[in-house]
Amino acid sequence: MTESLTVVAVALVAGCATGLSALPTLYTEQVSHRVYDGALGFAAGVMVGAAVFALIVPGLEFGTPWEVVVTVTA
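Here the numbering used here is used: position 8 in the sequence shown is 8, and no number is missing along the way.
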């Protein structure tokens, strides 16, 4: 499998997963504030985690491991 075909396949899987996860919202009448707040909190945590973990490797390239640990835990 070529590299570009692999990228297309991974993007297709990600798109299908996104669509499947949105299907339950089409069949629910109303979502409580508690569920809505929980979903938003979970999504925010995932995004913050992705941003922090994506910056660890570049941080190790520019600084020492101790500086990265202090920055991530701060």
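Note that CB positions come from ideal geometry on N, CA and C, so glycine has one too. Since we're looking at a predicted model, the values are computed, not measured.
Q. In angstroms, rounded to a whole number, what distance separates the CA positions of Val31 and Thr25?
A. Between the alpha carbons of Val31 and Thr25 lies a gap of roughly 9 Å.
Q: Please check the pair Ile56 and Val70, which I expect to be a contact at CB under 8 Å, by giving their CB distance rounded to whole angstroms.
A: Taking C-beta atoms under 8 Å as the contact rule, Ile56 and Val70 fail to qualify, at a distance of about 12 Å.
(Q) In whole angstroms, give me the CA-to-CA distance for Val48 and Leu40. (A) In a straight line, the C-alpha of Val48 is about 12 Å away from that of Leu40.
Q: Please report the Cβ distance between Leu60 and Val52, rounded to the nearest whole angstrom; I am assuming they are in contact, meaning their Cβ atoms lie under 8 Å.
A: Actually they are not in contact, since the Cβ atoms of Leu60 and Val52 sit about 13 Å apart, beyond 8 Å.
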